[in-house]
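Visitor:
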DNA sequence: GGTTGAGACTACAACGTTGCAGAAATGCGC
DNA sequence: GCGCATTTCTGCAACGTTGTAGTCTCAACC
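Protein chains in written order, with our numbering: chain A, 1 to 336; chain B, 1001 to 1336.
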């Protein structure tokens, strides 16, 4: 069967523990011994059995990434960034999708799968502040997204409010005064939707533009389809508008499509800006202005924090809240 | 620490082996005993240690999905489909990206990571027929994509040639006679590019349209950006054309964008059809006709085949080649 | 020359589970 | 009620690794 430490030890003429020590970079080994062992490893093509290592040491070198849905370009790009950051640290990533709401999220969080991994990156979708106690266990975890603040776990997020304020201000600075907001979750205060709506309102206030509730378009699920449908409904109401801040790019793209079908010119009639800077925004017609949340930075920061928690399980350092930088990316949809 | 079989056994008043038997659905257990054990499991919240199970039984319940790049919508959607199919069978999925070419692919295939998983779904990108011997090992594996046929492993793919023929014929049936092909890999016979070019030529021949090499646009990497650049270069040549078969949707979308910038109307001046049926094609402007390769069917078939190989490691049944169905999806880009 | 200590290596046990072999209890046929 | 097969349950060993606690050697020191 597979080569084990025993085989290597026999060939090199040392104990299995010495082989183990070589592999784990234990310092006190004579160069000659190290060489012998390494030669034997190469000759046999030895590969450590990760299950055994994990059983004995309690570390598997695998982390979980819990996201709502890979079909959503933002999460696919985030997953890509996380996997690159993780691989740079020698970690593998198990992705779990959780499209099924709160019950499923809790089930997955408590399932036996989570036993296998050293830590969890959890992009919270359904759980809210009131569920924070469910996370209050020993498992190293870093939260992404914006449903839970001041929770028991480290938290990495973009600056939602500031980002939305900057996006809105960007359209206002172009002279637009009837700026719609697409993607609100009515009644929600926390969560990306609530925070971004807050930023939208702040920007209006700063420019002295009166807030008009009829310009706020609610969309629960932030997919392209939902953005398209919400915009279609909004257009039938006939509310005049000359700008659109969409709370993510997918909705923006869906909405742009509907607006153009309806004969609206972008950016001439309506200037549009989205959120996330997904790849597609560079190639849509027109290309879409957006807020770049620095996905790479989010991923790297999150992996670093998680690794720290994994390596110092006893450190009861308080949970940290980190916000990454964002950048306005101006493209054709808000060209002057 | 974590609850083990010992804790459950103690509480239920049975041996740990009996608990293990209950968990593994061993048939000869008295209902009363089973009940006692299950009650103890529930009370303690016992969860099996997957590392120990994997070490002892050689099965981890995890499979690997090796794909080039999650940023590519086709692979993100394929990964989504695979993960849903895998979860339905009780499997977890570790995704590994391999953007780095042949050397990296072989490294990952041989790396210690692969030791942890029960089987591999491998969407071959860089490896070719000549590397097939590298796969000739005991690891259960199902190949996706079209670089390696008649290899040592099971293989699931779409009907590339037939799909391309249908796509091309679709444009010809609209009366187009100068149909360009975007995404060829010059000199390649096997692989999606080669097969699809073949189907393109077959369709031309069947309709009695002469093959014109100047209508074949080579693109090595099938991203949106590459499609856009290739189309830009093609337009400067001034070759007249009224139809475009793109070998995937991303390239088609990039090319559509460039064509529209150049003032070409779609479908009036150029009818376009792509490949993959990614979500975005429904919402692009115009929406993009495409060949739907039945990603769900590919994923389910591949997972089923893999599971079969995992469960019958000694069956030396010969490698199978399965092709899934495809469908033409007509949208605005090839509307009559 | 004896003590000390660091360096280099090793033996053993343990991580939590399951396969195997077998023991004890039960059922069946006559 | 006896032999035999089946059901039900158990003890032990093993999977391959690493942590702990050593042993042994040799140089340095007083």
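Note that the Cβ used here is the ideal one computed from N, Cα and C, for glycine as well.
Residue 1336 of chain B to residue 1177 of chain B, Cα distance in whole Å?
Guide: A straight-line Cα-Cα distance of about 15 Å links residue 1336 of chain B and residue 1177 of chain B.
Visitor: Please check the pair residue 1288 of chain B and residue 1331 of chain B, which I expect to be a contact at CB under 8 Å, by giving their CB distance rounded to whole angstroms.
Guide: 6 Å
Visitor: Nearest by alpha-carbon distance to residue 1304 of chain B: which of B/1114, B/1261, B/1086, B/1268 is it?
Guide: The shortest C-alpha separation from residue 1304 of chain B is found at B/1086.
Visitor: Taking three-plus beta-carbon pairs below 8 Å as touching, is the segment 291-307 of chain A in contact with the segment 76-90 of chain A?
Guide: In short, these stretches touch, since the Cβ pair count reaches three.
Visitor: Considering only C-alpha positions, which residue in the set B/1151, B/1075, B/1141, B/1194 is nearest to residue 1295 of chain B?
Guide: By alpha-carbon distance to residue 1295 of chain B, the top candidate from B/1151, B/1075, B/1141, B/1194 is B/1075.
Visitor: Classify residue 1139 of chain B as helix, strand or coil using the three-state DSSP reduction.
Guide: coil
Visitor: Please list, in chain order, the chain A residues whose beta carbon lies closer than 8 Å to that of residue 1140 of chain B.
Guide: Those within 8 Å of residue 1140 of chain B in chain A number zero; the least Cβ separation is about 15 Å.
Visitor: For residue 1159 of chain B, which option in B/1325, B/1334, B/1038 has the closest C-alpha, if you only look at C-alpha atoms?
Guide: B/1325
Visitor: From residue 1023 of chain B to residue 64 of chain A, what distance separates their C-alpha atoms?
Guide: 25 Å
Visitor: How about residue 291 of chain A and residue 167 of chain A: are their beta carbons less than 8 Å apart?
Guide: yes
Visitor: Give the straight-line distance between the Cα atoms of residue 1029 of chain B and residue 1069 of chain B, rounded to the nearest whole angstrom.
Guide: Here the C-alpha atom of residue 1029 of chain B lies approximately 48 Å from the C-alpha atom of residue 1069 of chain B.
Visitor: List the DSSP bridge partners of residue 109 of chain A.
Guide: Answer is none; residue 109 of chain A lacks a bridge partner.
Visitor: Could you confirm whether any beta carbon from chain A is found closer than 8 Å to the beta carbon of residue 1285 of chain B?
Guide: With 8 Å as the cut-off, residue 1285 of chain B counts as an interface residue toward chain A.
Visitor: Mapping the DSSP letters down to three states, classify residue 1298 of chain B as helix, strand or coil.
Guide: helix
Visitor: For residue 252 of chain A, go through chain B and note every residue whose CB falls closer than 7 Å to its CB, in chain order.
Guide: Near residue 252 of chain A there are no residues of chain B at all, since even the closest Cβ is about 11 Å away, more than 7 Å.
Visitor: Assign residue 1248 of chain B to buried or exposed, taking buried as 16 or more other Cβ atoms, counted over all protein chains shown, within 10 Å of its Cβ.
Guide: buried
Visitor: Just mark residue 184 of chain A as buried or exposed, buried being the case when its beta carbon has 16 or more other beta carbons within 10 Å.
Guide: Classification of residue 184 of chain A: buried, given that the 10 Å Cβ count is 16 or more.
Visitor: Residue 125 of chain A by DSSP, collapsed to three states: which one?
Guide: coil
Visitor: Considering residue 1213 of chain B, what are the terminal residues of the beta strand (DSSP E) in which it resides?
Guide: Counting along the chain, residue 1213 of chain B falls outside any beta strand (DSSP E), and DSSP gives it neither H nor E.
Visitor: Using a Cβ-Cβ cut-off of 8 Å, state whether residue 231 of chain A counts as contacting chain B.
Guide: no
Visitor: From what residue to what residue does the alpha helix (DSSP H) around residue 167 of chain A run?
Guide: 160-173
Visitor: Nearest chain B C-beta to residue 25 of chain A closer than 8 Å, yes or no?
Guide: no
Visitor: Determine the closest residue to residue 163 of chain A out of A/253, A/197, A/47, with distance taken between C-alpha atoms.
Guide: With distances taken between Cα atoms, residue 163 of chain A lies closest to A/197.
Visitor: Please report the residue range of the beta strand (DSSP E) in which residue 1050 of chain B lies.
Guide: In this chain, residue 1050 of chain B is not harboured by any beta strand (DSSP E); it is covered by the alpha helix (DSSP H) spanning 1050-1057.
Visitor: Round the Cβ separation of residue 1129 of chain B and residue 1219 of chain B to the nearest angstrom and send it over; I've been treating them as touching at under 8 Å.
Guide: At roughly 22 Å, the Cβ-Cβ gap does not stay under 8 Å, so residue 1129 of chain B and residue 1219 of chain B are not in contact.
Visitor: Would you say residue 1169 of chain B reaches chain A, if we count a Cβ-Cβ gap shorter than 8 Å as a contact?
Guide: At a cut-off of 8 Å, the C-beta of residue 1169 of chain B has no neighbouring C-beta in chain A.
Visitor: Between A/258, A/239, A/222, which lies nearest to residue 231 of chain A when the distance is taken from Cα to Cα?
Guide: A/258
Visitor: If residue 1134 of chain B sits next to residue 1106 of chain B, beta carbons under 8 Å apart, how far is it from one beta carbon to the other, in whole angstroms?
Guide: 6 Å
Visitor: Check the C-beta distance from residue 146 of chain A over to residue 195 of chain A and give it rounded, since I have them as a contact under 8 Å.
Guide: 6 Å
Visitor: Give the straight-line distance between the Cα atoms of residue 284 of chain A and residue 1206 of chain B, rounded to the nearest whole angstrom.
Guide: Inter-residue distance for residue 284 of chain A and residue 1206 of chain B is about 36 Å (C-alpha atoms, whole angstroms).
Visitor: With residue 134 of chain A as the anchor, note down where its beta strand (DSSP E) starts and where it stops.
Guide: Careful: residue 134 of chain A lies outside any beta strand (DSSP E) and carries neither H nor E.
Visitor: Tell me, please, whether the segment 93-110 of chain A touches the segment 1098-1112 of chain B by the rule of three or more beta-carbon pairs shorter than 8 Å.
Guide: Short answer: they don't touch.
Visitor: Quick check: residue 1073 of chain B and residue 1334 of chain B, are their CB atoms within less than 8 Å of each other?
Guide: no
Visitor: Using the C-alpha atoms, what's the distance from residue 139 of chain A back to residue 88 of chain A?
Guide: 22 Å
Visitor: Exposed or buried, residue 1281 of chain B, counting other C-beta atoms within 10 Å across all chains shown (16 or more means buried)?
Guide: buried
Visitor: With distance defined between alpha-carbon atoms, name the residue in B/1018, B/1208, B/1045, B/1120 nearest to residue 1309 of chain B.
Guide: B/1120
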